[in-house]
Amino acid sequence: MSAARLIEPIDGKPGVTILPEAENWMQGRTLYGGASALVAYTAAIRAFPELPPLRAAQVGFVAPVGIEVELNAEIVRQGRNVAQVRSEIRSGGTVALTAFWLFGTERDANAVHPAPQAEDWHGPPDGEEPLSLDKAPSFLGKNFELRRAQDVRGKGKPVVRRWMRLKEPSGLDPVSELILLGDTLPPGAMRAMRRQGPISSINWSFNLLEPAPATSDGWWLAETASEWADLGYSSERLRLWNSEGRQMLAGMQSVAIFG
Numbered sequence: 071m072s073a074a075r076l077i078e079p080i081d082g083k084p085g086v087t088i089l090p091e092a093e094n095w096m097q098g099r100t101l102y103g104g105a106s107a108l109v110a111y112t113a114a115i116r117a118f119p120e121l122p123p124l125r126a127a128q129v130g131f132v133a134p135v136g137i138e139v140e141l142n143a144e145i146v147r148q149g150r151n152v153a154q155v156r157s158e159i160r161s162g163g164t165v166a167l168t169a170f171w172l173f174g175t176e177r178d179a180n181a182v183h184p185a186p187q188a189e190d191w192h193g194p195p196d197g198e199e200p201l202s203l204d205k206a207p208s209f210l211g212k213n214f215e216l217r218r219a220q221d222v223r224g225k226g227k228p229v230v231r232r233w234m235r236l237k238e239p240s241g242l243d244p245v246s247e248l249i250l251l252g253d254t255l256p257p258g259a260m261r262a263m264r265r266q267g268p269i270s271s272i273n274w275s276f277n278l279l280e281p282a283p284a285t286s287d288g289w290w291l292a293e294t295a296s297e298w299a300d301l302g303y304s305s306e307r308l309r310l311w312n313s314e315g316r317q318m319l320a321g322m323q324s325v326a327i328f329g
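Under my numbering, think of the first position of the sequence shown as 71, with each following residue one higher.
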């Protein structure tokens, strides 16, 4: 179930595309967030292949993304160093996802400091406990391996941290793989929920900290952390580190908490 297969027919031209094997990446009625964002990102970079490296993105999850989609991408502005591109997915006759991508060339550094290492860092994933995905959404069990990366279980501090990797090589470039993985875990707020109920990502904004992210043996440390939850919503911080503990992605998300 290579992720590259999902985006294979996207040619960068506006129009209708049928996504191969999309059923393997569905969460209920929609492609899950990372897969949906990957489709929109691919539409952008295949429409405009000469773009500089991706630096940041803002993704709005508007409606379910199905197997048959209509894709479009346009350059909003291109300056000497930065290009801003908007891409859109329409599904079932309506806008399902809208995304704004920021690409930028490298500049001489005028401020330098590293991103923080993950709190309670346990070291690389070797020897960490594999997690059963029997009760997880089907796309997780079909495509991912997860290992434990924190001691807490069940209720507690609203943080979910897991080692994760794809079961099969993705066939993607490193940035595309990070987009696919970056919105995969459930929200940290699930540890604070008073009762079980549906959850739904509303948006996702992120900055890439490395233009060419890399890790060992496919493993990435993913974290979702609820910084505030009330009134049916949670404000979440999403982060990804590589196997050496270097942060690759910093993000933020609004999540609807139902039930």
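Backbone N, C-alpha and C define an ideal beta-carbon position, used for all residues, glycine too. No experiment lies behind these values; they were computed from the predicted model shown.
### Message
What does the alpha-carbon distance come out to for the pair residue 215 and residue 82?
### Response
Counting from one through the sequence shown, the residue named residue 215 turns up at place 145. Counting from one through the sequence shown, the residue named residue 82 turns up at place 12. Each residue's Cα considered, the two are about 31 Å apart.
#### Entry: Cβ-based burial, residue 258 [other Cβ within 10 Å; buried from 16]
Translated into the one-based positions of the sequence shown, residue 258 becomes position 188. Buried, because 16 or more other Cβ atoms sit within 10 Å of the Cβ of residue 258.
### Query
Can you tell which of 239, 268, 285, 76 has its C-alpha closest to the C-alpha of residue 111?
Translated into positions along the sequence shown, residue 111 becomes position 41. Comparing Cα positions, the closest option is 76.
### Contact set for residue 262: own chain, Cβ-Cβ below 7 Å, skip 5 residues either direction
Mapped onto the sequence shown, residue 262 falls at position 192. Within the same chain, residue 262 has close Cβ partners 228, 296, 299.
### Query
How big is the Cα-Cα spacing for residue 115 and residue 121?
Numbered from its first residue, the sequence shown carries residue 115 at position 45. Numbered from its first residue, the sequence shown carries residue 121 at position 51. Each residue's Cα considered, the two are about 7 Å apart.
### Task
Tell me whether residue 263 sits in a helix, a strand or coil according to DSSP, three-state version.
For this step, residue 263 is matched to residue 193 along the sequence shown. The answer is coil: DSSP assigns residue 263 none of H, G, I, E or B.
### Task
Entirely within the segment 244 to 322 and at least 4 residues each: give me those alpha helix (DSSP H) ranges in chain order.
244 to 252
### Message
Considering only the alpha carbon of each residue, which of 171, 94, 195 lies closest to residue 275?
### Response
Within the sequence shown, residue 275 is the residue found at index 205, counting from 1. With distances taken between Cα atoms, residue 275 lies closest to 171.
### Message
Mapping the DSSP letters down to three states, classify residue 328 as helix, strand or coil.
### Response
Locating residue 328 in the sequence shown gives position 258, where the first residue counts as 1. Residue state, collapsed to three classes: coil.
### Task
Quick one: grab the DSSP three-state call for residue 222.
Start at 1 with the first residue of the sequence shown, and residue 222 comes out as number 152. Residue 222: coil per DSSP, three-state reduction.
#### Entry: residue 233 vs residue 186 beta-carbon contact at 8 Å
In the sequence shown, counting from the first residue as 1, residue 233 sits at position 163. In the sequence shown, counting from the first residue as 1, residue 186 sits at position 116. Not closer than 8 Å, so no.
### Query
Looking at the unbroken alpha helix (DSSP H) that takes in residue 213, where does it start and where does it end?
Locating residue 213 in the sequence shown gives position 143, counting from the first residue. Its alpha helix (DSSP H) spans residues 208 to 213.
### Query
Can you list the beta strand (DSSP E) stretches of 3 or more residues lying completely in the segment 174 to 198, in chain order?
none
### Query
Where does residue 236 fall in DSSP's three states?
Position 166 of the sequence shown holds residue 236. Residue state, collapsed to three classes: strand.
### Query
Terminal residues of the continuous beta strand (DSSP E) containing residue 159?
Within the sequence shown, the letter at position 89 stands for residue 159. Taken as a continuous stretch (DSSP letters only), the beta strand (DSSP E) holding residue 159 covers 152 to 161.
### Task
Output yes or no for whether 8 Å exceeds the beta carbon distance between residue 86 and residue 138.
Within the sequence shown, the letter at position 16 stands for residue 86. Within the sequence shown, the letter at position 68 stands for residue 138. Yes, these two residues count as a Cβ contact at 8 Å.
### Task
Going by DSSP, name the residue or residues bridged to residue 92.
Working through the sequence shown from its first residue, we reach residue 92 at position 22. Bridge partners of residue 92: none, in fact.
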